[in-house]
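Those sequence lines, one after another, are chains A and B.
Taking my numbering, the leading residue of the first sequence gets 21, the next gets one more, and so forth.
Taking my numbering, the leading residue of the second sequence gets 21, the next gets one more, and so forth.
Glycine included, each C-beta is placed from N, C-alpha and C at the ideal position.
All values derive from a computational prediction rather than experimental measurement.
Number of protein chains: 2
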Amino acid sequence: MTDIRKVTVVGGGVIGGGWVARFLQNGIDVDVYDPDPEAERKLGGLLDNARRAFARLIEGPKPAPGRLRFRASLEEALAGADFVQESAPERLDLKQRLFAQIDALAPPHVLVASSTSGLLPTELQAPMAHPERLLVAHPFNPVYLVPLVELVGGQKTALQAVERARAFYASLGMKPIVIAKEIDAFVGDRLLEALWREALWLVKDGIATVEEIDDVIRYSFGLRWAQMGLFQVYRIAGGEAGMRHFMAQFGPCLQWPWTKLTDVPELTDELVDTIAEQSDAQARGLSIRELERIRDDNLVSIMRSLARSQKGAGWGAGELLNAYEARLRGGEGDTKAEPLRLHRASVSPDWIDYNGHMTEFRYLQVLGDATDAVLFKLGLDKDYVAGGHSFYTVESHIRHLGQAREGDVLAVETQVLAADAKRLKLFHTISNETTGTVVATGEHLLLHVDAASGRAAPAGEAMAARLEALARDHGALAVPAAAGRRVGEPV
Amino acid sequence: MTDIRKVTVVGGGVIGGGWVARFLQNGIDVDVYDPDPEAERKLGGLLDNARRAFARLIEGPKPAPGRLRFRASLEEALAGADFVQESAPERLDLKQRLFAQIDALAPPHVLVASSTSGLLPTELQAPMAHPERLLVAHPFNPVYLVPLVELVGGQKTALQAVERARAFYASLGMKPIVIAKEIDAFVGDRLLEALWREALWLVKDGIATVEEIDDVIRYSFGLRWAQMGLFQVYRIAGGEAGMRHFMAQFGPCLQWPWTKLTDVPELTDELVDTIAEQSDAQARGLSIRELERIRDDNLVSIMRSLARSQKGAGWGAGELLNAYEARLRGGEGDTKAEPLRLHRASVSPDWIDYNGHMTEFRYLQVLGDATDAVLFKLGLDKDYVAGGHSFYTVESHIRHLGQAREGDVLAVETQVLAADAKRLKLFHTISNETTGTVVATGEHLLLHVDAASGRAAPAGEAMAARLEALARDHGALAVPAAAGRRVGEPV
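Put into structure tokens, the structure is as follows:
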């Protein structure tokens, strides 16, 4: 992590509010300054959605949220800040005025980042006495889920400021990309702008509706781009000869007069009406808030599916998520004569079945993750597995005692029933913290194995000693009444 | 399904080969004509990857694959064809010559579709005596996974031909979008072309590398576009005021001189070298075949995660996938005095754990899906659940007896141990068909419940009769020795 403990957010709209959520969920305190009298109310709804999404995104432990305060003046909001994130409206004069004020109020070591999606940092820093601390940090909506942040320095920005900002945003689970040269709109919005103009022409000329264009995107290259970008995808399309072949084959298409991008469609009332009406039809009556949740749920699912890619090593945004979770997980302590509490999870939307409850196999996922947490504590890490040994579960018994619904938080307590150099018998109890009830128990027999032969084999000295110590500690606990049951045995 | 049983594929490269895979996996016979003497060898590798991906994409039953034949002449390849898919190189004169030949050889009722990514159907059909049967059906790579196909008719194309083609491609699990007016490059490639040109400028001007541009895409809007398109995403960004507000707020940006798209970068040797070298660096030594598999694995994961979205109803490409699987599943027959065989699944890459085997909870997923298949056969459908009743699993016992690796095919046999109006006790056996071994068994007790009270309640007459008939049929079978075990009980 970094030494940044308190951030001042200037402007609390969709982007500023997204930053507030991202900072709070990482345990950072936030003071907000926004002259809009409605700002606090509007931010509340956004933070609800962000909390809901973050609880699902991170399956392991999460930091205690930071403290949020609204401040009546810029000066109050800046008191004690380590970092300033500005997300005011996109007007150069307004932003320059703000940066001059911030510059006068905050000590020179405080970094100042602008969320502008297109203005040049050299122009933004012009009125500042300490311009070296200003940079652009341009995020993407929803800021609390989408990892990218583009970092762009101006002519007077210190390289050290860019480096400090990069480390800070990376510590928040984000993907900072430092753009080599400042240009209007940087990289992401240049690409989006090009596509947006072409899309407007297609609607204006009656080639396709808003919904058809969206379907073209999400049923084709959108699926590709969630995990690989334009160039990597084309590299594959070029076949074994790779990128040079692709350029030779498709390069000439660039000479064709395909796009109408030499010209900008005029945003007449008629075109705005057409787009607004087609967009209404496409929404099928779903409100913005409902669409926002669907978007967030799907983003979480996609990022989690990418996190499980490559045998759990992750790919792209999923690899980033794994590294972030591992950092949040940190270390574990010693054992005592009390049940282990090593795993919590919240119920994702894609864990729900047609009955409206958490589906059966997700219970075993939670139990299995709790078992993995016990094994991790015992020293079963990647090196241990690479050394040719592991633990395999050979038998499980699950009792379903209650229900869990979307968003509920589950916590697992684990008791070791028996352990020696070859065997480990665990009893997990899953509580639903949201409803205050026990929802399931799991009894599991694991064997220590030699992976090559696939047969049980005694653990080495160190592992055996840890297994025995854990069994000894837990031997003082009462054996749960439900241990040792057959399916359907009378209570 | 449609009445199309045999397709002739003309041109068996990356796109033609992708079509071959898509047709074969839907049980359609394919005759290929490609004058390249290397075509058959090249297609083999592509089909291996496609089979691997399709086995993972579809969790339920799959059709028996169609028969593939290479033919030495266009005439032989066209014999008996119901449909022709042309994927020859992108040269108008070459394609026109081909369509004149196909037109002379194939009876007039045979539909002819071109995979061209930019040529106009009106020009392609010019030399044909039966131009009404020609249309463009433009797919996206990899054709065996990406659902979109753009359908574009020319001036002489019959509306009926477009409709027949639409139904055919939809039956293959694809998303056909009919483009209202023919324009060069249609819709998808217009959008891609706009973005591609801008990306080339960014590399040429040294603003960002190939890898940085790809990261900008896949860590931001690529994640959004896998599930919602450009307009829907902006609708949400506009907040409660929706699209009109977004246009009012961001429309003016279109007047800014942001993009350099008024001009086309010249593909000098220097630019091609820069891109090829940056692309090599980005690939980190992964071969095209390895990247292709990573891409396919991720596409499968993303589509499957979207299929589980919205409480299993699915969203976008996932909703489409659910409908396709339901169609492939079809109906089930009556019960007999033999175990039920209602569920098969193949082991996806994201089912594998750090030991290199299928992870624990996926066994319960396979068992739960098999239970769902039994319940579906008993008449538990959406209407039944909507009527306020369902079955809940209350207790499970799993034995792990073997392993499954990536790509293995699992098949479940189910025996009903007991059933009455309130209870159903099942015993599933999961076999690994790839290794010919039993890998797990599951014993499960389910209760018929009133969903409102969450308590056991007797099933209605019809359901109770079906439960009892199934129990009676299976009463003739021997009880499995492993039924009724405790965890760790001696064998």
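Inset, instruction - Kindly indicate which residue of R25/A, E58/A, G31/A and P55/A has the alpha-carbon position closest to the one of F43/A. - result: R25/A
Inset, instruction - Determine the contact status of V166/B and L63/B, defining contact as a CB-CB distance below 9 Å. - result: no
Inset, instruction - Please check if any C-beta of chain A sits within less than 9 Å of the C-beta of D56/B. - result: no
Inset, instruction - Using a cut-off of 9 Å between C-beta atoms, extract the partners of R111/A located in chain B. - result: Within chain B, no residue comes near R111/A; the closest Cβ sits about 11 Å away, beyond 9 Å.
Legend entry - Supposed contact pair L243/B and S240/A - C-beta distance, whole angstroms, cut 8 Å: Actually they do not touch by this definition, with Cβ atoms about 15 Å apart.
Inset, instruction - Report the three-state DSSP secondary structure of V130/B (helix, strand or coil). - result: coil
Inset, instruction - Along the alpha helix (DSSP H) that carries R217/A, what are the first and last residues, could you check? - result: R217/A: member of the alpha helix (DSSP H) spanning G208 to K224, first to last residue.
Legend entry - Three-way DSSP call (helix, strand, coil) for E290/B in this model: helix
Legend entry - Alpha carbon of A441/A to alpha carbon of L384/A, nearest angstrom: 25 Å
Inset, instruction - Look at the alpha carbon of F251/A and the alpha carbon of D234/B, and state the distance between them as a whole number of angstroms. - result: So the two alpha carbons sit approximately 6 Å from each other.
Inset, instruction - Name, please, each residue of chain B whose Cβ falls closer than 7 Å to the Cβ of K224/A. - result: Those within 7 Å of K224/A in chain B number zero; the least Cβ separation is about 12 Å.
Inset, instruction - Evaluate contact between the region 319-338 of chain A and the region 34-51 of chain A, counting only Cβ atoms and requiring at least three cross-stretch pairs below 8 Å. - result: The region 319-338 of chain A is not in contact with the region 34-51 of chain A.
Inset, instruction - Spell out whether any CB of chain A is found under 9 Å from the CB atom of P167/B. - result: Yes, P167/B lies at the interface with chain A (some Cβ there is under 9 Å from its Cβ).
Legend entry - Buried versus exposed call for K402/B [16 or more other C-beta atoms within 10 Å across all chains shown]: Burial call: exposed.
Inset, instruction - Check whether the Cβ atoms of P159/B and S135/B lie closer than 9 Å to each other. - result: yes
Inset, instruction - Report yes or no: is there a C-beta of chain A within less than 9 Å of the C-beta of F377/B? - result: First, the residue type needs correcting, since residue 377/B is His and not Phe in the sequence shown. True, the Cβ-Cβ gap to chain A drops below 9 Å.
Legend entry - Nearest-angstrom Cα separation, counted from G138/B out to R111/B: In a straight line, the C-alpha of R111/B is about 10 Å away from that of G138/B.
Legend entry - Contacting positions in the region 201-229 of chain A - beta carbon closer than 7 Å to chain B: Of all residues in the region 201-229 of chain A, only K201, I203, D204, A205, V207, G208, R210, L211, L212, E213, A214, L215, W216, R217, E218, A219, L222, G226, I227 and A228 place a beta-carbon less than 7 Å from a beta-carbon of chain B.
Legend entry - Straight-line gap, Y254/A to V207/A (C-alpha atoms, nearest Å): 19 Å
Legend entry - Residues that DSSP places opposite Q435/A in a beta bridge: F447/A
Legend entry - Per-residue burial, H448/A [other beta carbons within 10 Å of its own, 16 or more giving buried]: The residue is buried, with at least 16 neighbouring Cβ atoms inside 10 Å.
Inset, instruction - Give the straight-line distance between the Cα atoms of A75/B and E312/B, rounded to the nearest whole angstrom. - result: A75/B and E312/B have their alpha carbons spaced roughly 16 Å apart.
Legend entry - Spatial neighbours of A187/B in its chain, beta-carbon cut-off 8 Å, leaving aside the 5 residues before and after: T22
Inset, instruction - Taking L63/A as part of the alpha helix (DSSP H), name the residues at either end of that continuous run. - result: A59 to L77 is the extent of the alpha helix (DSSP H) around L63/A.
Legend entry - chain B residues whose Cβ lies nearer than 9 Å to that of K402/A: Within 9 Å Cβ-Cβ: Y374.
Inset, instruction - Closer than 8 Å, Cβ to Cβ, to anything on chain A: give me those residues from the region 323-353 of chain B, in chain order. - result: Of all residues in the region 323-353 of chain B, those with a C-beta nearer than 8 Å to a C-beta of chain A are M323, R324, S325, L326, R328, S329, Q330, K331, G332, W335, G336, A337 and L340, reading in chain order.
Inset, instruction - Using 10 angstroms around the beta-carbon of L179/A, count the other beta-carbons present and answer buried if the total reaches 16, otherwise exposed. - result: exposed
Legend entry - Sequence-distant residues of its chain with Cβ nearer than 8 Å to V507/A (five each side left out): Correct list, in chain order: H417.
Legend entry - Whether A70/B touches F90/B by CB criterion (9 Å): Their beta carbons are not under 9 Å apart, which means A70/B does not touch F90/B by this criterion.
Inset, instruction - Spell out whether any CB of chain A is found under 9 Å from the CB atom of T391/B. - result: Judged by the 9 Å Cβ criterion, T391/B is in contact with chain A.
Inset, instruction - Under the assumption that V459/B contacts I450/B (Cβ atoms under 8 Å), give the Cβ distance between them as a whole number of angstroms. - result: 5 Å
Inset, instruction - Could you confirm whether any beta carbon from chain E is found closer than 9 Å to the beta carbon of D317/A? - result: Of the chains in the structure shown, none is chain E; the protein chains are A and B.
Inset, instruction - Would you mind telling me which residues of chain B sit closer than 8 Å to K115/A, beta carbon to beta carbon, in chain order? - result: Correct list: empty, because the minimum Cβ distance to chain B is about 16 Å.
Inset, instruction - Mind listing the chain B neighbours of R419/A? Cutoff is C-beta to C-beta under 9 Å, in chain order. - result: V414, E415 and S416
Legend entry - Option in L341/B, V236/B, E202/B and D209/B with minimal Cα separation from D225/A: Proximity to D225/A across L341/B, V236/B, E202/B and D209/B peaks at E202/B, based on C-alpha coordinates.
Legend entry - 9 Å Cβ cutoff, A424/A in contact with chain B: no
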